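The block underneath contains the structure these notes are about, expressed in structure tokens.
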Amino acid sequence: MENNFNKAVNNFSDLGLHKISENLAAYIDFINKGEKNVVDSLYELTQMEIKLKAERAMNACVKVANFPYLKEFNDFDFSFQPSINKEQILDFQYLKFLENKENIVFVGSPGVGKTHLATSIGIAAAKQRVCTYFISCNDLMLQLKRARIENRLDQKIKFFCRYKLLIIDEVGFLPLDVESSNLFFQLIAKRYEKSSTIITTNKSLSKWGEIFGDNVLANAILDRLLHHSHVINIVGRSYRTKDIFDAKEEGDAGLSNA
Ligand SMILES: Nc1ncnc2c1ncn2[C@@H]1O[C@H](COP(=O)(O)OP(=O)(O)O)[C@@H](O)[C@H]1O
Ligand SMILES: [Mg+2]
31 MENNFNKAVN NFSDLGLHKI SENLAAYIDF INKGEKNVVD SLYELTQMEI
81 KLKAERAMNA CVKVANFPYL KEFNDFDFSF QPSINKEQIL DFQYLKFLEN
131 KENIVFVGSP GVGKTHLATS IGIAAAKQRV CTYFISCNDL MLQLKRARIE
181 NRLDQKIKFF CRYKLLIIDE VGFLPLDVES SNLFFQLIAK RYEKSSTIIT
231 TNKSLSKWGE IFGDNVLANA ILDRLLHHSH VINIVGRSYR TKDIFDAKEE
281 GDAGLSNA
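The sequence shown maps to residues 31 to 288 in our numbering.
The structure is reproduced here in structure tokens:
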């Protein structure tokens, strides 16, 4: 009996059912003491295993999404950024925008929380096991350009089109050369109305001609991006430098009181 118990534990482990393997002894004890019946025990043990598998799958999706940091909505202080409509942002976690193939564009100066919120939405999607990928515009361009040189641009664009949610961070941080601008257009055109893209940018949309070096191309990109989209303009202070300026204000106040 004892011997077969150990064999059963090993079998569960070999089958990859580690939660059952770990908890079997405790449950057999419950059953022997009459604290639980066999059916309930089987149900609870299998539920534990299912929960663990779901958690692992969720964590794997979050891991492959390549987020710069793992910050979620709970980590965001909405009171610091009153220009943001909190309900509108929190609503994105239910992923309706993905079903509708809508895009989200965060516009704002550095430090206002664009990347944080884009990441929070991405994590919400990845946790629902939506195929999600985060990339900076700069890295995206490097990858597309390399693919073009290696004669596999089509494959690379298809690769980026496979993600149901693609987050392109820091569009407009650096102006793009003609080749990059065209590659960016190709990718956006291919994803248009098929899957959602989140963009963060520090440049107001009316100035996108400066990013792509060409107003016609910038308009063609914006036309597709904005057709079904949510544009979130964040107007406010940088969270990165808030302590420096708060400290300075306190210092100034102290000086004026003196
Ligand atoms: N309202 C906020 N509440 C909490 N943390 C914030 C807030 N806004 C920004 N941050 C934090 O400040 C840093 C800069 O924000 P980030 O989203 O990266 O800025 P950017 O708008 O330049 O993309 C990050 O560490 C981010 O988590
Ligand atoms: Mg950013």
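Built from N, CA and C at the ideal position, the CB exists for glycine as well.
On a predicted model such as this, the values are computed, not experimentally measured, just so you know.
Item: Using only the heavy atoms of ligand 2, determine whether one of them is closer than 7 Å to the beta carbon of T145.; Value: yes
Item: Over what stretch of residues does the beta strand (DSSP E) that includes T230 continue unbroken?; Value: S226 to T231
Item: For T76, which three-state DSSP category applies?; Value: helix
Item: Round the Cβ separation of V94 and T231 to the nearest angstrom and send it over; I've been treating them as touching at under 8 Å.; Value: With a Cβ gap of about 25 Å, V94 and T231 do not count as contacting.
Item: Using the rule of at least 16 other Cβ atoms within 10 Å of the residue's Cβ for burial, across every protein chain shown, is Y99 buried or exposed?; Value: exposed
Item: Would you report the Cα separation of I197 and F122, rounded to the nearest angstrom?; Value: 14 Å
Item: Starting from H260, trace the beta strand (DSSP E) in both directions and tell me its first and last residue.; Value: S259 to I264
Item: By DSSP, does V135 sit in helix, in strand, or in coil?; Value: strand
Item: Would you say the beta carbon of E102 comes nearer than 7 Å to a heavy atom of ligand 2?; Value: no
Item: Which residues does DSSP list as the beta-bridge partners of D199?; Value: S166
Item: Is it a yes or a no for the segment 97 to 114 touching the segment 133 to 150, going by three-plus beta-carbon pairs under 8 Å?; Value: yes
Item: Among P140, L72 and I50, which has the Cα closest to the Cα of R270?; Value: P140
Item: Since S211 and L256 should fall inside the 8 Å C-beta cutoff, what is the C-beta to C-beta distance between them, to a whole number of angstroms?; Value: That belief does not hold up - the Cβ atoms of S211 and L256 are roughly 17 Å apart, past 8 Å.
Item: Would you tell me roughly how many angstroms separate the C-alpha atoms of A84 and R267, rounded to the nearest one?; Value: 39 Å
Item: With hydrogens ignored, establish whether the beta-carbon of Q173 is closer than 7 Å to any heavy atom of ligand 1.; Value: no
Item: Using only the alpha-carbon positions, how far apart do K37 and S225 sit?; Value: 49 Å
Item: With a Cβ-Cβ cutoff of 8 Å, do Q118 and I264 count as a contact?; Value: no
Item: For F35, count the other beta carbons within 10 Å of its own beta carbon; 16 or more makes it buried, fewer makes it exposed. Which is it?; Value: exposed
Item: With respect to the alpha helix (DSSP H) encompassing I61, which residues constitute its N-terminal and C-terminal limits?; Value: H48 to N62
Item: When you compare each of M78, D169, R221 and R86 to N133 by their alpha carbons, which one comes out closest?; Value: R221
Item: Using 7 Å as the cut-off, classify the Cβ of D199 as near or not near the heavy atoms of ligand 2, replying yes or no.; Value: yes
Item: Out of N104, F189 and N41, which has the shortest C-alpha to C-alpha gap to I153?; Value: N104
Item: For L204, which residues from the same chain have a beta carbon less than 7 Å from its beta carbon, with the 5 sequence-adjacent residues on both sides left out?; Value: N168
Item: Under 8 Å, do K233 and E209 count as touching if we go by C-beta distance?; Value: no
Item: Among R159, V68, F127 and M78, which residue has its Cα nearest to the Cα of E223?; Value: F127
Item: Please classify A90 as buried or exposed, where buried requires at least 16 neighbouring CB atoms within 10 angstroms.; Value: exposed
Item: Return yes when the C-beta of T230 is under 7 Å from any heavy atom of ligand 2, and no when it is not.; Value: yes
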